[in-house]
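Here the structure comes first, spelled out in structure tokens, and everything after it is commentary.
Protein chains in written order, with the working numbering: chain A, 1 to 116; chain B, 1 to 115.
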């Protein structure tokens, strides 16, 4: 069965610090997809990234970067030079190729608080 | 503007009083789904639909019903709500043609309180 674990329930940093949000997943499939979503205080879910299991290249998008390591089943998310607007709950999610329902299995989320 | 809309955004009701939360998307997506979000549990899928008249259970379907009569709409029905259905509900949609695990786009959420 698929499972996603975000061990950090809450992280607090001061603006301009770098911060890494951890995500560890479990799956028996060889083909799967990993996602990160952001949920700001307003409550909506904002898509950040989708990565398939065959693409282990790290990705950078502005201040955001993602480190995918199949060997440790991790898909960690780093925010460089954090800003107050980065304060949100961040969810990591997994979808298996064999899952006909296209179901996303979410981790419990990490609440990030960036203080000025 | 491409979006997923949900109504109502906030709802307080009493145990046993039937309610419907509507979900509509304007992106011509085949796939739609419902999730509930509870503290520490992330989001869990309730039901999904791959196309019109095709629906199936997700992880936590008990106490819920859905229908998909039109491509753009996917209402969530609680026939007899109970307090354990107090939660934040999200509707999502995605293209579901040939690519598995297409990115799902979420509505703004509906916060439900059942007394």
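Note that the Cβ used here is the ideal one computed from N, Cα and C, for glycine as well.
For clarity, every value in this text was computed on a predicted model and none was experimentally measured.
- Query: How big is the Cα-Cα spacing for residue 107 of chain A and residue 43 of chain B?
  - Reply: Position 107 of the first chain, counted from the first residue, corresponds to residue 107 of chain A. Position 43 of the second chain, counted from the first residue, corresponds to residue 43 of chain B. About 8 angstroms.
- Could you spell out where the beta strand (DSSP E) holding residue 116 of chain B opens and where it closes? Absent from the structure is residue 116 of chain B, since the part of chain B shown begins at 1 and ends at 115.
- Item | Residues sharing a beta bridge with residue 55 of chain B, DSSP | Numbered from its first residue, the second chain carries residue 55 of chain B at position 55. For residue 55 of chain B, which the question treats as bridged, DSSP gives the partners B:49.
- Item | Nonlocal neighbours in the same chain, by C-beta distance under 6 angstroms from residue 113 of chain B, ignoring five residues either side | As a first step, residue 113 of chain B must be located in the second chain, where it is residue number 113. Only 12 and 86 meet the Cβ criterion.
- Item | Boundaries of the beta strand (DSSP E) in which residue 110 of chain A is found, first to last residue | Taking the first residue of the first chain as 1, we reach residue 110 of chain A at position 110. It spans 110-115 - the beta strand (DSSP E) in which residue 110 of chain A sits, taken as one unbroken run.
- Terminal residues of the continuous beta strand (DSSP E) containing residue 16 of chain A? Along the first chain, one-based indexing puts residue 16 of chain A at 16. Neither: residue 16 of chain A is in no beta strand (DSSP E) and is coded neither H nor E.
- Message: Distance check for residue 62 of chain A and residue 80 of chain A, CA to CA, integer angstroms please.
- Response: Taking the first residue of the first chain as 1, we reach residue 80 of chain A at position 80. Taking the first residue of the first chain as 1, we reach residue 62 of chain A at position 62. Going from the Cα of residue 80 of chain A to the Cα of residue 62 of chain A covers about 9 angstroms.
- At a Cβ cut of 9 angstroms, what residues of the segment 80-114 of chain B count as close to chain A, listed as they run along the chain? 88, 90, 92, 94, 96, 100, 101, 102, 103, 104, 105, 106, 107, 108, 109 and 111
- With distances taken from CA atoms, which of B:52, B:64, B:110 and B:38 is nearest residue 46 of chain B? Taking the second chain and counting its residues from 1, the one referred to as residue 46 of chain B is at position 46. With distances taken between Cα atoms, residue 46 of chain B lies closest to B:64.
- Let me know if residue 115 of chain B comes out buried or exposed under the rule of 16 or more other beta-carbons within 10 Å of its beta-carbon. Locating residue 115 of chain B in the second chain gives position 115, where the first residue counts as 1. Answer is exposed; the Cβ neighbour count stays below 16.
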